[in-house]
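Trainee:
Protein chains: 2
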Amino acid sequence: MSLELLSSQKSFGGWHNRYRHRSATLQCDMVLAVYLPPQAEPDAKLPVLYWLSGLTCSDENFMQKAGAQRLAAELGLVLVAPDTSPRGPDVPGDPDGAWDFGHGAGFYLNATEQPWAQHYHMHDYVVQELPALVEANFPVNDKRGISGHSMGGHGALVCALRNPGRYRSLSAFAPIANPSSCPWGEKAFTRYLGADRDAWRGWDACALLAERPARHLPILVDQGDADSFLDVQLKPAVLQAAAAAVGQPLTLRLQPGYDHSYWFVASFIDDHLRHHAAALHG
Amino acid sequence: MSLELLSSQKSFGGWHNRYRHRSATLQCDMVLAVYLPPQAEPDAKLPVLYWLSGLTCSDENFMQKAGAQRLAAELGLVLVAPDTSPRGPDVPGDPDGAWDFGHGAGFYLNATEQPWAQHYHMHDYVVQELPALVEANFPVNDKRGISGHSMGGHGALVCALRNPGRYRSLSAFAPIANPSSCPWGEKAFTRYLGADRDAWRGWDACALLAERPARHLPILVDQGDADSFLDVQLKPAVLQAAAAAVGQPLTLRLQPGYDHSYWFVASFIDDHLRHHAAALHG
């Protein structure tokens with residue numbers, strides 16, 4: 588569980604660090620970014636917000652573009668951004684070189700089908716190995732929040748709903764809310780999980796909500812109404828209906844004029860940070 | 588003076604737009620980014636902050652990484668970020684493909700030497716053509732501020748000092764403060780301006796301050812003290828001495844632990860935006 592420091596840069600009175608480590612879960616080297624706010628003194632115990640990024644992203648996109656560090660520094664939140672899939676020459680990618688599967692597109696699940704099953708266990712990496720690594724190496728406590736964007740919004744919802752009690756706060760930006768019934772999800776789930784759609788239910792936020800709502804965990808979701816992926820890929824209305832059916836607290840905000848980009852994320856990240864901080868510092 | 592809209596994305600209630608236009612000054616097509624805050628209604632007259640980026644940058648780095656739009660939206664400031672040099676297949680670049688000269692490295696001057704003199708007139712582009720374009724196409728007034736980073740900090744200082752009255756506010760992050768006596772500047776000035784160092788004085792903030800201080804224009808400069816370029820390339824102490832010698836108001840803040848990156852810029856951009864807004868809205 589050792590971390591190799593790749594870079595360390597002062598930011599908003601804290602430090603933006605990047606690390607490489609060998610992941611036993613993914614059987615490859617992984618890079619992650621950690622923002623340590625100024626409160627991260629050696630004897631501190633700070634809560635951690637895990638951020639899961641979307642298709643094609645690495646650990647860098649959120650940290651560089653979301654503008655989250657300013658308020659995280661004020662709120663005393665550690666931010667952790669892992670990569671979006673296993674990587675490396677030994678990790679198989681999309682056979683056609685597509686950007687929506689394989690490298691950069693791990694979908695935060697545990698693959699069962701070959702050749703993906705050896706490396707593509709991003710769920711276990713995010714939920715188990717990564718927090719263990721973070722909690723062993725940084726001045727943090729075990730109060731965890733999780734959020735993400737697009738594929739990472741799906742990941743945040745699924746990681747929290749599958750693991751009751753593991754996260755104290757949950758939010759998402761433009762999540763792939765119902766991957767079992769959208770092209771991105773159907774392509775990924777068919778390959779990673781096989782053709783049997785029953786096996787998909789454990790990896791779909793809408794199906795999970797029906798079976799195991801997390802009524803103690805209010806969910807904040809922002810979605811731009813000018814997002815070009817809204818109707819075909821994201822389907823927030825299905826999530827809203829699934830939440831309503833089981834009494835799951837969900838605030839879905841349709842933000843007029845916003846698209847799917849990090850300009851949208853940056854515009855509302857402060858609200859999400861405050862949503863998480865309220866639960867994590869409580 | 589027509590602008591071709593390349594993209595338009597909602598951000599913090601306003602719009603982040605990118606445009607292409609034909610520059611008569613530079614004799615090539617140029618791309619620029621404009622952030623229009625929510626106050627930019629058709630009948631508004633908002634002040635404009637021009638941002639000049641550093642070596643290797645385009646119009647994108649500042650807009651994506653500095654986190655300036657959040658407060659610009661609150662303060663009602665239009666942000667304009669041009670490219671850092673003329674571009675295109677007809678524009679000669681560094682003969683050795685170096686990153687510190689030519690494309691991405693126009694140094695905000697008017698070149699006099701061949702083959703650079705045909706296109707490399709970034710000073711006139713930034714000071715004349717760009718404001719004329721912006722003021723003809725957007726709901727802005729003629730209250731202009733200017734700032735920048737590294738090579739762009741040099742550019743901001745030089746553009747403001749050479750053109751009294753044209754800018755109402757001035758600041759810089761880690762500027763190349765004395766380019767006549769640092770490797771980046773000596774390489775660029777020798778090629779763009781020739782070997783006669785007398786011709787360099789009009790493009791060096793320290794030399795300009797001695798000849799024509801702008802005592803009505805207080806300058807805010809931030810500089811990280813862990814910046815690896817500090818002693819050899821940037822030389823803020825020379826700027827500070829030049830300002831003190833002529834009574835030029837200059838606030839130089841050495842920020843402990845910060846490097847040369849956009850993490851540094853993002854950490855202090857709010858102070859600069861407030862510095863500019865105070866003068867521009869006054």
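If you're matching them up, the sequences are chains A and B in order.
Once you know that position 182 of the first sequence is 769 in the working numbering, the rest is easy, because the numbers rise by one and skip nothing.
Once you know that position 184 of the second sequence is 771 in the working numbering, the rest is easy, because the numbers rise by one and skip nothing.
Yeah, the Cβ is synthetic: ideal placement off N, Cα and C, and Gly gets one too.
Small disclaimer: the values here were computed from a predicted structure and weren't measured.
(1) Where does B/K822 fall in DSSP's three states?
(2) Just how far apart, CA to CA, sit A/P682 and A/A692?
(3) What does the Cβ neighbour count give for A/K632, buried or exposed, with the cut at 16 atoms within 10 Å?
(4) What does A/G844 touch in chain B if you count any residue whose Cβ is under 7 Å from its own?
(5) Please determine whether the Cβ atom of B/K632 lies at a distance below 7 Å from any heavy atom of the ligand SAM.
(6) Mind checking B/E798: buried by the 16 CB within 10 Å criterion, or exposed?
(7) For B/G654 and chain A, any beta-carbon pair shorter than 8 Å?
(8) How would you list, in chain order, the residues of chain A whose beta-carbon sits under 8 Å from the beta-carbon of B/S737?
(9) Where does the unbroken alpha helix (DSSP H) through B/D941 begin, and where does it stop?
(10) Check whether the Cβ atoms of A/Y637 and A/V713 lie closer than 8 Å to each other.
(11) Taking Cβ to Cβ, would you say A/A747 is nearer than 8 Å to A/P823?
(12) Could you spell out where the beta strand (DSSP E) holding A/H706 opens and where it closes?
(13) I'd like the span of the alpha helix (DSSP H) that includes B/V796, first residue to last.
(14) Entirely within the region 722-790 of chain B and at least 3 residues each: give me those beta strand (DSSP E) ranges in chain order.
(15) What's the gap between the Cα of B/G742 and the Cα of B/H708?
(16) Just confirm the distance between the C-beta atoms of B/G601 and B/A620, as a whole number of angstroms; I'd bet it's less than 8 Å.
(17) Please state the DSSP three-state secondary structure of A/L658.
(18) According to a CB-to-CB cut-off of less than 8 Å, which residues of the region 650-675 of chain A neighbour chain B?
(19) For B/H603 and chain A, any beta-carbon pair shorter than 8 Å?
(20) Buried or exposed: B/R755, going by 16 or more other Cβ atoms within 10 Å of its Cβ?
(21) Return no unless some Cβ of chain B is closer than 8 Å to the Cβ of A/A797.
(22) Considering only residues of the same chain and omitting the five flanking positions on each side of A/A668, which have a CB-CB separation below 7 Å?
(23) Measuring alpha carbon to alpha carbon, tell me which residue in A/D687, A/Y695, A/I733 is nearest A/L867.
(24) Checking 8 Å against the spacing of the C-beta atoms, do B/A723 and B/G740 come in under that value?
(25) What's the gap between the Cα of B/Q699 and the Cα of B/R784?
(26) Per DSSP, what are the beta-bridge partners of A/K597 in this structure?
(27) For the structure I just gave you, are there three or more beta carbon pairs, one from the region 832-852 of chain A and one from the region 715-722 of chain A, closer than 8 Å?
(28) Below 7 Å CB to CB, which residues in the same chain sit around A/L841 once its five sequence neighbours on both sides are set aside?
(29) Under the assumption that A/P634 contacts A/L664 (Cβ atoms under 8 Å), give the Cβ distance between them as a whole number of angstroms.
(30) Let's test the definition: count the other Cβ atoms within 10 Å of the Cβ of A/W703 and tell me whether it reaches 16, buried, or not, exposed.
(31) Going by DSSP, what residues sit across from A/R609 in a beta bridge?
(32) Mind pulling the chain A residues with CB within less than 8 Å of B/A775?
(33) Hey, does A/A813 have any beta-carbon neighbour from chain B nearer than 8 Å?
(34) Could you tell me which residues DSSP pairs with A/A668 in its beta bridges?
(35) Would B/G675 be called buried (16 or more neighbouring beta carbons within 10 Å of its own) or exposed?
Mentor: According to the structure data:
(1) coil
(2) 13 Å
(3) exposed
(4) K597
(5) The ligand SAM is not part of the structure shown, which contains no ligands of any sort.
(6) exposed
(7) Judged by the 8 Å Cβ criterion, B/G654 is in contact with chain A.
(8) In chain order: nothing, as chain A lies at least about 15 Å away.
(9) Because chain B spans 588 through 869 in this model, residue 941 of chain B falls outside it and cannot be assessed.
(10) yes
(11) no
(12) Neither: A/H706 is in no beta strand (DSSP E) and is coded neither H nor E.
(13) Going by the sequence as given, residue 796 of chain B is Leu instead of Val. Where B/L796 is concerned, the enclosing alpha helix (DSSP H) stretches over 792-798.
(14) 727-735, 756-760
(15) 12 Å
(16) About 13 Å; that fails the 8 Å criterion.
(17) helix
(18) Q651, K652, G654, Q656, R657
(19) B/H603 counts as touching chain A.
(20) buried
(21) no
(22) L619, A620, W638, S640, D646, F649, M650
(23) Ranking A/D687, A/Y695, A/I733 by Cα distance to A/L867 puts A/I733 first.
(24) For the 8 Å CB-CB criterion, B/A723 and B/G740 do not form a contact.
(25) Reading the sequence as shown, one finds Thr at residue 699 of chain B and not Gln. Near 13 Å, if we compare the C-alpha coordinates of B/R784 and B/T699.
(26) A/W602
(27) no
(28) Spatial neighbours of A/L841 in its own chain (CB-CB distance under 7 Å, excluding positions within 5 residues in sequence) are listed in chain order as Q810, D812.
(29) 6 Å
(30) Burial call: buried.
(31) A/D616
(32) Within 8 Å of the CB of B/A775, no CB atom of chain A is found; the nearest one sits about 27 Å away.
(33) yes
(34) For A/A668, the beta-bridge partners assigned by DSSP are A/A620.
(35) exposed
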